[in-house]
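Enquirer: Just dropping this structure here.
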Amino acid sequence: AAGTSFPNVFSGMCVAKQGKTSMAVANALGANVQNVFLALAIPWTIQSFLIEGGPFPMKVENLLPAILECLITLVPVVVIFICYGYRMPRWSGVFYLVVYVIYLIFALGQQVSHCPIWPLQCGDEPPL
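Mapping of the sequence shown onto the working numbering: residues 271 to 398, in sequence order.
And the structure:
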């Protein structure tokens, strides 16, 4: 992900310094949408047509923790944006980085522990 995102971050920083913040936001949103569509569509197409020869089952249970994580990371962005007159204050960048680091800690904890509600205890497993 870093290989495809770094050029977008750099170009966004350049146009933001030129005062073209709308272009920076549009670049970030467009690049992320494109990355998601390509990152999801290409592997699924290969899996469907070349490997499985048709539809394949996907594990989709227990999506609530992932949905809550997305909501918890999105709400501060929207609240800050609205409260500051539809602008992003300078300090918000540091705040978003802190929120992202917290998200990474939770995501890594969930992957390592195989527990979608980490740091809470899953089932009858002893705490880590």
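A virtual CB, placed ideally from N, CA and C, is assigned to each residue, including glycine. Since the structure is predicted, the reported quantities are computational estimates derived from the model, not experimental observations.
Quick check on the DSSP output: the alpha helix (DSSP H) that includes Phe-365 runs from which residue to which?
Expert: That run of the alpha helix (DSSP H) goes 362-383.
Enquirer: Are the CB atoms of Glu-322 and Phe-376 nearer to each other than 8 angstroms?
Expert: Contact: no.
Enquirer: Does DSSP put Val-345 in a helix, in a strand, or in coil?
Expert: Correct three-state label for Val-345: helix.
Enquirer: How long is the line joining the alpha carbons of Thr-343 and Leu-378, rounded to whole angstroms?
Expert: Each residue's alpha carbon lies about 16 angstroms from the other.
Enquirer: So, for Pro-389: in the same chain, excluding its five sequence neighbours on each side, which residues have a beta-carbon less than 8 angstroms away from its beta-carbon?
Expert: Taken in chain order, the residues that qualify are Phe-376 and Gly-379.
Enquirer: Whether or not the stretch 296-304 and the stretch 274-284 are in contact is what I'm after, with contact meaning three or more pairs of Cβ atoms, one per stretch, closer than 8 angstroms; do they touch?
Expert: As far as the Cβ criterion goes, the stretch 274-284 touches the stretch 296-304, which means the pair count is three or higher.
Enquirer: Give me the Cα-Cα distance between Ile-316 and Val-303, rounded to the nearest whole angstrom.
Expert: Distance between the alpha carbons of Ile-316 and Val-303: 20 angstroms.
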